[in-house]
Amino acid sequence: MEILNQLWSMISGLINDSGLGSLQWQNYVMMCVSFVLIYLAIKKQYEPLLLLPIAFGMLLVNIFPGIMGMPETILETKQEILSQNLDPATFSTVQVGDQIYYEHIQYGGLFYYLYQGVKLGIYPPLIFLGIGAMTDFGPLIANPKSFILGAAAQIGIFLTFICATALGIFTPQEAGSIAIIGGADGPTAIFVTTKLAPQLLGPIAVAAYSYMALVPIIQPPIMRLLTTKKERSVVMGQLRSVSKLEKILFPIIVVTVVALLLPDAAPLVGMLMLGNLFKESGVVDRINKTAQNELMNIVTIFLGVTVGATATGTNFLTIQTGGIILLGLFAFSLATASGVLFGKIMYWLTKGKVNPLIGSAGVSAVPMAARISQKVGQEENPGNFLLMHAMGPNVAGVIGSAVAAGVLLSVIPH
Amino acid sequence: MSKEMSDALILLLGGFVVVFAMLILLILIVTVYGRVVSSVQKSVAEKKAKEQAAIQSEEKTVGTVADVSASAEEISEIGDGEISGEIIAVIAAAVDAVYGEKPHRVKSVRRSNHRSAWGRAGIVENTRPF
Numbered sequence: 016m017e018i019l020n021q022l023w024s025m026i027s028g029l030i031n032d033s034g035l036g037s038l039q040w041q042n043y044v045m046m047c048v049s050f051v052l053i054y055l056a057i058k059k060q061y062e063p064l065l066l067l068p069i070a071f072g073m074l075l076v077n078i079f080p081g082i083m084g085m086p087e088t089i090l091e092t093k094q095e096i097l098s099q100n101l102d103p104a105t106f107s108t109v110q111v112g113d114q115i116y117y118e119h120i121q122y123g124g125l126f127y128y129l130y131q132g133v134k135l136g137i138y139p140p141l142i143f144l145g146i147g148a149m150t151d152f153g154p155l156i157a158n159p160k161s162f163i164l165g166a167a168a169q170i171g172i173f174l175t176f177i178c179a180t181a182l183g184i185f186t187p188q189e190a191g192s193i194a195i196i197g198g199a200d201g202p203t204a205i206f207v208t209t210k211l212a213p214q215l216l217g218p219i220a221v222a223a224y225s226y227m228a229l230v231p232i233i234q235p236p237i238m239r240l241l242t243t244k245k246e247r248s249v250v251m252g253q254l255r256s257v258s259k260l261e262k263i264l265f266p267i268i269v270v271t272v273v274a275l276l277l278p279d280a281a282p283l284v285g286m287l288m289l290g291n292l293f294k295e296s297g298v299v300d301r302i303n304k305t306a307q308n309e310l311m312n313i314v315t316i317f318l319g320v321t322v323g324a325t326a327t328g329t330n331f332l333t334i335q336t337g338g339i340i341l342l343g344l345f346a347f348s349l350a351t352a353s354g355v356l357f358g359k360i361m362y363w364l365t366k367g368k369v370n371p372l373i374g375s376a377g378v379s380a381v382p383m384a385a386r387i388s389q390k391v392g393q394e395e396n397p398g399n400f401l402l403m404h405a406m407g408p409n410v411a412g413v414i415g416s417a418v419a420a421g422v423l424l425s426v427i428p429h
Numbered sequence: 096m097s098k099e100m101s102d103a104l105i106l107l108l109g110g111f112v113v114v115f116a117m118l119i120l121l122i123l124i125v126t127v128y129g130r131v132v133s134s135v136q137k138s139v140a141e142k143k144a145k146e147q148a149a150i151q152s153e154e155k156t157v158g159t160v161a162d163v164s165a166s167a168e169e170i171s172e173i174g175d176g177e178i179s180g181e182i183i184a185v186i187a188a189a190v191d192a193v194y195g196e197k198p199h200r201v202k203s204v205r206r207s208n209h210r211s212a213w214g215r216a217g218i219v220e221n222t223r224p225f
């Protein structure tokens, strides 16, 4: 009988220690959400490079919340230390009143340490380094007017900020973090959110990457709604060729101007331009390849799993998350619409030489947004190739969203 | 209007102005330096073309070292810049060795990333260590 009692207490102890005994219903819901995201990443291939690690991080943290556990020091008495069969001589002591306590250090979970790269704003600029090393700014240099479309698409960010503030359920810091979803740039959204409203990082990152993945579904109806058949059929003239010297000077000039006038944008724009200088200089091939492959991939894994791990059940399943998802969609749609409308203005000003469809590529989401401009343009005229023209606003959107992030960070107190 | 809303409106307007001002400034800078760089490069290219024409008129012989180096300079300008002048000089010298006394000229050199199976076999055959 004694043996049976001991066996039962051992089994019940194991059950209590397992997730089955300690998890809440929200954790199980989040596990289901992560299954859906894993399905979308693998089966539908929606931004799989980031959605898959994010979903898996989400799954892991909801099964074992301790994986994100912070390190802590517990003050224990000598009896408590001895009861755990530990040697008190190996612990440092601290005296509180008459009582001497032993400092029992509990180390944090794996993801807690990996998350420091997100929390301290290290990973997003490193991702930007890789993006810079992969980006060809040639179309933007050939047609600098594309910068206007990149700026126009950022209007969605600021209008969403007003709406989020007007709702009254978000602080200005939270409203700024939600609004940056309109920039359609995951690393920028994470960078701003970690500085303004780190408690919303999970929902905002999931919303930002989900909408970037849904670009082919969200953008085309807005583009068709705001343009006429004639406008969509415009065939744009060929871009001039850009010399190597111009491409080398571009990152140096952009980083000098932007970082000098808006220092808060310096980490993002600086790393973006450094990566691009690696590429265009042609003298650091090894570093260039590392920046755009190994480093980028390693940081993507760390960023993905740890951002996913911030989406715990109690954090994620709130009314605020619903608001973030809706406002994120609003910001993204508005950014697309403002880009297309500015494209229309350029169409009128140039007397029909600019196809307004390239305006929608002003939201970052490189290169998906540019591909959508190409696809919608070819629906009207199969012989029309807008891709390179759309790449100008597309890469301008990356710079524009980094500048908008700098504005939010410099104006909103944090 | 509450203070939060008035602050938000100020940020809205300030954000528009700063983002547009910054990017318009970049438009101006990129346009100006694009023109400057293009005109400088054009004048340098014209100067080199004149020099080369002068050299060609003086030296009627074909396949000299001077010709090869002049062609290399010209080609490195036309090319994507990834191929160094030394490599172009080597290619031009190899062409010269094959064509010998026949009049010839290397107009462009470009890197081929997608060689056919026959092309790869040829490279392996010619670069196999002795």
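Those sequence lines, one after another, are chains H and X. Numbers 16 to 429, taken from this note's numbering, label the letters of the first sequence in order. Numbers 96 to 225, taken from this note's numbering, label the letters of the second sequence in order. Idealized CB from N, CA, C, for every residue including glycine. Remember, it's a predicted structure, so these values are computed and weren't measured experimentally.
Check, Outcome
"For the beta strand (DSSP E) holding residue 118 (chain H), just list the boundary residues, first then last.", "114–121"
"Hey, is residue 150 (chain H)'s beta-carbon within less than 7 angstroms of any beta-carbon in chain X?", "no"
"Output needed in chain order: residues of the region 137–154 of chain X with a Cβ under 7 angstroms from some Cβ in chain H.", "none"
"If we ignore side chains and look at the alpha-carbon of each, how far apart do residue 332 (chain H) and residue 120 (chain X) end up?", "44 angstroms"
"Could you tell me whether the Cβ atoms of residue 154 (chain H) and residue 264 (chain H) are closer together than 7 angstroms?", "no"
"What do you get for residue 397 (chain H), buried or exposed, if any count of 16 or more other CB atoms within 10 angstroms of its CB means buried?", "exposed"
"Give, in chain order, every residue of the region 98–116 of chain X whose Cβ lies closer than 9 angstroms to some Cβ of chain H.", "99, 100, 102, 103, 104, 105, 106, 107, 108, 109, 110, 111, 113, 114, 115 and 116"
"Relative to chain H, which residues along the region 116–131 of chain X have a C-beta separation below 9 angstroms, given in chain order?", "116, 117, 118, 119, 120, 121, 122, 123, 124, 125, 126, 128 and 129"
"Could you tell me the distance, in whole angstroms, from the CA atom of residue 148 (chain X) to the CA atom of residue 260 (chain H)?", "25 angstroms"
"Counting contacts by CB-CB distance shorter than 7 angstroms, is residue 345 (chain H) in contact with chain X?", "no"
"Please confirm if residue 166 (chain H) has its CB atom under 7 angstroms from at least one CB of chain X.", "yes"
"Quick check on the burial criterion: 16 or more other C-beta atoms within 10 angstroms. Buried or exposed for residue 42 (chain H)?", "buried"
"For residue 169 (chain H), go through chain X and note every residue whose CB falls closer than 7 angstroms to its CB, in chain order.", "114"
"Would the region 137–151 of chain H count as touching the region 404–424 of chain H if we require 3 or more Cβ pairs under 8 angstroms?", "yes"
"Interface residues of chain X around residue 139 (chain H) at Cβ under 8 angstroms?", "Correct list: empty, because the minimum Cβ distance to chain X is about 19 angstroms."
"Going along the region 243–263 of chain H in order, which residues come within less than 7 angstroms of chain X, judged by CB to CB distance?", "258, 259, 260 and 261"
"Select from H:315, H:406, H:393 and H:245 the residue whose C-alpha is nearest the C-alpha of residue 63 (chain H).", "H:315"
"For residue 184 (chain H), which three-state DSSP category applies?", "coil"
"Can you have a look at residue 321 (chain H) and say buried or exposed, based on whether 16 or more other CB atoms are within 10 angstroms of its CB?", "buried"
"Based on Cα-Cα distance, which residue from H:404, H:308, H:230 and H:319 lies nearest to residue 69 (chain H)?", "H:319"
"Grab the span of the beta strand (DSSP E) containing residue 430 (chain H) for me, first residue to last.", "Only positions 16 to 429 of chain H appear in this structure, which leaves residue 430 (chain H) out of reach."
"Measuring only the C-alpha atoms, how far is residue 292 (chain H) from residue 269 (chain H)?", "11 angstroms"
"Does chain X have any CB closer than 7 angstroms to the CB of residue 357 (chain H)?", "no"
"Check the C-beta distance from residue 230 (chain H) over to residue 383 (chain H) and give it rounded, since I have them as a contact under 8 angstroms.", "5 angstroms"
"Could you check the C-alpha separation between residue 150 (chain X) and residue 403 (chain H) for me, to the nearest Å?", "41 angstroms"
"Along the beta strand (DSSP E) that carries residue 111 (chain H), what are the first and last residues, could you check?", "108–111"
"Below 8 angstroms, how does it come out for the region 204–218 of chain H and the region 126–134 of chain H: are there three or more Cβ pairs, yes or no?", "yes"
"List, from N- to C-terminal side, the alpha helix (DSSP H) runs of 4 residues or more that fit wholly inside the region 182–252 of chain H.", "187–194, 201–211, 216–228, 230–241 and 244–247"
"Is the Cβ of residue 56 (chain H) closer than 7 angstroms to any Cβ of chain X?", "no"
"Three or more beta-carbon pairs under 8 angstroms between the region 197–207 of chain H and the region 104–122 of chain X, yes or no?", "no"
"For residue 428 (chain H), which of helix, strand or coil comes out of DSSP?", "coil"
"Helix, strand or coil, according to DSSP, for residue 59 (chain H) in the structure here?", "coil"
"For residue 65 (chain H) and residue 122 (chain H), I'd like the C-alpha separation in whole angstroms.", "28 angstroms"
"Within 10 angstroms of its Cβ, does residue 246 (chain H) collect 16 or more other Cβ (buried), or is it exposed?", "buried"
"Cα-Cα, which of H:338, H:283 and H:258 is closest to residue 222 (chain H)?", "H:338"
"With respect to the alpha helix (DSSP H) encompassing residue 79 (chain H), which residues constitute its N-terminal and C-terminal limits?", "Unbroken run through residue 79 (chain H): none, as it is neither H nor E."
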